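Pasting the structure below:
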């Protein structure tokens with residue numbers, strides 16, 4: 033890799049790509065290349081976590097915010113189409129999953145308009161697209177349209193292409209290598225070297241070579257410092273997972289425990305977080321389906337008591353111990369009397385207050401009291417925090433209903449990214465790809481395919497714990 037790769041990217045006038053394995057300094061490279069530029073750059077990626085990571089690195093390097101715009105491909109396309117609804121033929125502010133492909137087609141058509149091309153060229157002087165292995169063919173065609181207007185540098189790693197799209201993912205062999213110039217390949221595992229885990233980083237570099245060759249990683253040989261293999265009888269797997277997570281509770285660093293990215297595994301993350309009583313918190317999917325399902329059903333209720341029953345059911349998705357702190361009548365959606373044996377008088381009063389006056393402020397007060405009660409634990413902090421933000425938007429009068437407030441929040445969320453503040457987390461490979469933690473625990477490595485395995489293995493900068501009964505993986 034050229035030493036001055038950031039300068040090469042900044043000065044490159046055409047279409048180029050960089051092969052960037054996980055943890056090899058890709059985000060730093062993009063930020064330093066943008067710093068070298070004299071005019072505003074458009075930086076596109078795929079996830080809100082990626083947006084947040086890029087903004088953080090740009091800020092750390094002291095790059096002026098006037099020098100760049102960071103966005104997801106989806107958000108940028110949506111914003112452009114909504115800015116010119118008559119020309120784009122697009123007016124849907126909150127597309128469903130089935131509508132995004134239509135949006136990309138509309139945006140691609142918009143970029144064929146001469147005045148839009150003029151606007152883009154006046155706004156930016158170059159483009160970077162991060163995590164390019166996650167592009168669909170439609171997104172790739174959109175990037176190619178932008179590349180006709182401005183210098184375009186794409187960065188990615190085909191070995192990390194784990195998103196399961198309905199649409200066909202971009203084929204590097206046919207769509208990238210013949211049409212984009214190779215500008216470099218990142219070679220040094222900076223994530224682990226910077227953390228002082230040189231042996232782990234060098235071993236993962238060897239693992240990458242093995243996996244790319246279509247071979248299996250041998251776990252029967254002596255493993256490097258920082259790597260642990262744990263074998264367990266399948267019937268005791270959940271108990272062992274719980275025990276291992278408990279071992280990491282005293283560590284001051286960040287810990288990610290990982291399941292696969294399928295729907296069943298997503299449910300396992302929440303169940304394990306609940307079992308851990310919130311000591312480890314589970315990460316929500318970006319779309320917020322659980323929150324929107326609740327709000328849709330809640331908005332359809334006509335009786336206050338029926339709505340409150342849905343509220344209580346939603347509360348159990350956020351907290352443990354909810355049913356233990358509420359009187360029987362409250363759990364039936366009824367106003368309850370305060371007596372000398374009432375367990376949590378403040379929560380009972382808050383519930384009664386909401387049942388008498390069902391405002392978002394009273395609902396927020398109720399959730400705050402449940403959250404702060406010593407007998408409950410928040411195990412889905414991500415879900416709770418989103419709901420509290422939605423309530424605030426409604427209370428502040430930014431939207432007329434809670435459901436509209438949720439759409440407002442989702443738009444803001446789409447543009448600002450998602451910071452994860454809790455240090456002990458359980459997630460899926462899909463939700464944490466591109467993120468870095470001190471320690472990674474692969475909860476059931478036997479269930480992972482080659483690419484998911486590589487993504488999971490490369491999340492922890494200081495240690496990696498693999499739960500598997502196999503001698504080699506995948």
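Residue numbers (the numbering used here): 33 to 506. We put the CB at the ideal spot given by N, CA and C, even for glycine. Values in this document were obtained by computation on a predicted structure and should not be read as measured data.
Residues of its chain near residue 361, where Cβ-Cβ distance is below 6 angstroms and the 5 sequence neighbours each way are ignored: Reading the chain shown from its first residue, position 329 is the one you call residue 361. Cβ neighbours of residue 361 within its own chain (closer than 6 angstroms, five residues either side excluded): 368.
What are the uninterrupted segments assigned as beta strand (DSSP E) that are 3 or more residues long and contained completely in the region 66-105, given in chain order? 73-77 and 100-104
Report the three-state DSSP secondary structure of residue 194 (helix, strand or coil). Within the chain shown, numbered from 1, the residue matching residue 194 stands at position 162. Three-state result, residue 194: coil.
Outcome for residue 79 when other beta-carbon atoms lying within 10 angstroms are tallied against a minimum of 16: Counting from 1 along the chain shown, the entry for residue 79 is found at position 47. Sixteen is the threshold: when 16 or more other Cβ atoms of the shown chains lie within 10 Å of the Cβ of residue 79, as they do, the residue is buried.
Could you give the distance in angstroms between the alpha-carbon of residue 309 and the alpha-carbon of residue 408? Mapped onto the chain shown, residue 309 falls at position 277. Mapped onto the chain shown, residue 408 falls at position 376. If you take the alpha carbons of residue 309 and residue 408, they lie about 8 angstroms apart.
Residue 71 classed as buried or exposed, judged by whether at least 16 other C-beta atoms fall within 10 angstroms: Stepping through the chain shown from its first residue, residue 71 is reached at position 39. Its Cβ having fewer than 16 others within 10 Å, residue 71 is exposed.
What residue range is occupied by the uninterrupted beta strand (DSSP E) comprising residue 470? Here residue 470 corresponds to residue number 438 of the chain shown, with the count starting at 1. It spans 469-474 - the beta strand (DSSP E) in which residue 470 sits, taken as one unbroken run.
As assigned by DSSP and simplified to three states, the class of residue 289: As a working mapping, residue 289 is identified with position 257 in the chain shown. Residue 289 falls in the strand class under three-state DSSP.
Mind checking residue 253: buried by the 16 CB within 10 Å criterion, or exposed? To locate residue 253, count along the chain shown from 1; it is residue 221. It is exposed - the Cβ of residue 253 has fewer than 16 other Cβ atoms within 10 Å.
So for residue 136, helix, strand or coil by DSSP? For the purposes of this step, residue 136 is identified with residue 104 of the chain shown, where counting begins at 1. Helix at residue 136.
Can you give the beta carbon distance from residue 88 to residue 301, rounded, assuming they're within the 8 angstroms contact cut? The residue given as residue 88 occupies position 56 in the chain shown. The residue given as residue 301 occupies position 269 in the chain shown. At roughly 24 angstroms, the Cβ-Cβ gap does not stay under 8 angstroms, so residue 88 and residue 301 are not in contact.
Touch test, the region 383-396 against the region 421-434, Cβ-Cβ under 8 angstroms, three pairs minimum: yes
How about residue 50 and residue 269: are their beta carbons less than 8 angstroms apart? Reading the chain shown from its first residue, position 18 is the one you call residue 50. Reading the chain shown from its first residue, position 237 is the one you call residue 269. Not in contact: residue 50 and residue 269 (Cβ atoms no closer than 8 angstroms).
Member of 41, 358 and 419 whose CA lies at the smallest distance from the CA of residue 213: Residue 213 sits at position 181 when you count from the first residue of the chain shown. The shortest Cα separation from residue 213 among 41, 358 and 419 belongs to 41.
Same chain only: Cβ atoms within 8 angstroms of residue 503, ignoring 5 sequence neighbours per side: Within the chain shown, residue 503 is the residue found at index 471, counting from 1. Closer than 8 angstroms at Cβ, skipping near neighbours: 250, 251 and 252.
Look at the alpha carbon of residue 350 and the alpha carbon of residue 178, and state the distance between them as a whole number of angstroms. Locating residue 350 in the chain shown gives position 318, where the first residue counts as 1. Locating residue 178 in the chain shown gives position 146, where the first residue counts as 1. Using only the alpha carbons, I get a separation of about 42 angstroms.
Tell me, which residues are paired with residue 158 by DSSP? As a working note, residue 158 is residue 126 in the chain shown. 73, per the DSSP bridge assignment.
Helix, strand or coil: which one does DSSP assign to residue 44? By one-based count along the chain shown, residue 44 stands at place 12. Correct three-state label for residue 44: coil.
Residue burial classification, residue 147 (beta-carbon count within 10 angstroms, cutoff 16): As a first step, residue 147 must be located in the chain shown, where it is residue number 115. With fewer than 16 other Cβ atoms within 10 Å, it is exposed.
Using 10 angstroms around the beta-carbon of residue 223, count the other beta-carbons present and answer buried if the total reaches 16, otherwise exposed. Mapped onto the chain shown, residue 223 falls at position 191. Buried, because 16 or more other Cβ atoms sit within 10 Å of the Cβ of residue 223.
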